[in-house]
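Basically this note's numbering = 1-based index in the sequence shown + 204. Cβ coordinates follow ideal geometry from the N, Cα and C atoms, glycine included. Right, one structure below, let's go through it.
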Amino acid sequence: MRTALALALAISVSAAGATAWAQNAQAPAPAATKCDNPNALGVARVVQIDTTGGPGFGFEHFKAYDFLRDHEVVLTFDDGPWPGHTPAVLKALADQCTKALFFPIGKHAGYRPDIMKQVAAAGHTVGSHTWSHKDLSKLTEQEGKDEIEKGIAAVSIALGNQPIGPFFRFPALRHPPELVKYMAERNVAMFSTDLDSFDFKMRKPEQVIASVMKKLEQKGKGIVLMHDFQQATAHAAPDLLKKLKDGGYKVVQIVGKTPVEPQKEYVDLVLKETGGGIEVARPMSSVIETISGN
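The following block contains the structure:
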């Protein structure tokens, strides 16, 4: 039988009989947002994770923690932010009053910090997914650490120099042992998946929907891996969320007990490599204003 969750769990007030970890730590409730959809998918539970020691989640690689109940799902999106696609996913999530866990690529966050801020402002949890999505199993240990830390720094900068969620997903789900150990030292949880949609191989929204729903029917619950970078996924999102609702599935939102702080040397490195481009990538109207003439 799978090991019960031993981390801090904080359940939203709508879930009766909520229990907490031995410390009885309660997760701070995410900012409430008005929901105008009476039939929305919504969020059934908010689960707070104490990431001390770098626990792993997702039964494709990590077997220790089975915290989801029957028909519960965690929606995760990789590789954003991306113009058009990420905003479409955000709209679909907002229309269903539900939340997801995003794993953005550092470079992409630097390209579009405005979209990155939209993700955070909507109340979603933001982790990281390296600086440039390199296969860390093919790098030296130090190169791998650099990819990880630059990714954390870039996302933090894109969010206005804010700490981010203590969650990380390895590119291609390849977990070099030395970097798994490093994440434990950084107290960052690693997220694999329970079911991979393989949406990056698909061109049609209906293929993405069919993939996710078929695998959920087989497993009954799980951490779902998708990509807000992918056009098919962006187009599939509205109907997929409706299918989840119709199928009796419930969304669990993941939040961290303690955020991860970027390391200053990597913040400086990212700013140097980008010429400060991430930091100054604000709406033009906030930078340039006509004060005389037409």
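Burial state of residue 472 is exposed, judged by a 10 Å Cβ sphere holding fewer than 16 other Cβ atoms. Here the stretch 293-310 makes contact with the stretch 453-460; the two share three or more CB pairs at distances below 8 Å. Secondary structure remark: continuous beta strand (DSSP E) runs of at least 3 residues inside the stretch 391-429, in chain order: 393-395. Minimum Cα-Cα distance from residue 312 among the listed residues 258, 337, 408, 407 corresponds to 337. Each of 389, 427, 283 was checked against the Cα of residue 273, and the nearest Cα belongs to 427. Of the other Cβ atoms in all chains shown, fewer than 16 fall within 10 Å of the Cβ of residue 452; this residue is therefore exposed. Our two residues, residue 260 and residue 469, have alpha carbons roughly 27 Å apart in a direct line. The alpha-carbon separation between residue 309 and residue 285 amounts to approximately 8 Å. By the Cβ test, the stretch 369-376 is in contact with the stretch 387-398, since at least three Cβ pairs between them sit closer than 8 Å.
Under DSSP, residue 336 shares a beta bridge with no residue. In the three-state scheme derived from DSSP, where H, G and I count as helix and E and B as strand, residue 282 is classed as strand.
For residue 444, the closest alpha carbon among the candidates 299, 417, 320 is that of 417.
Under the DSSP definition of a beta bridge, residue 249 partners with 456.
By the criterion of at least three beta-carbon pairs nearer than 8 Å, the stretch 333-350 is in contact with the stretch 377-392.
In the structure shown, residue 289 falls within a helical segment according to DSSP collapsed to helix, strand and coil. Comparing C-alpha distances from residue 388 to each of 409, 314, 257 shows the shortest one belongs to 257.
As the crow flies, the alpha-carbon of residue 404 is around 10 Å from that of residue 432. Counting only residues of its own chain and dropping the five nearest sequence neighbours on each side, residue 287 has a CB closer than 8 Å to the CB of 316, 319. Assigned with DSSP and collapsed to three states, residue 309 falls in coil, not helix or strand. A Cβ-Cβ contact shorter than 7 Å links residue 245 with residue 300. Contact check for residue 447 against residue 254 fails: the beta carbons are separated by 7 Å or more.
Taking a C-beta distance under 7 Å as the contact criterion, residue 332 and residue 359 qualify as a contact pair. Residue 257 carries a coil assignment under DSSP once its states are collapsed to helix, strand and coil.
Within a 10 Å sphere around the beta-carbon of residue 434 sit 16 or more other beta-carbons, which makes this residue buried. Its Cα nearest to that of residue 429, the residue 402 stands out among 368, 465, 402.
Short of 6 Å from the beta carbon of residue 353, and not among the five residues preceding or following it, lie these beta carbons of its own chain, in chain order: 467, 470. In this structure, the CA atom of residue 339 is about 18 Å from the CA atom of residue 281.
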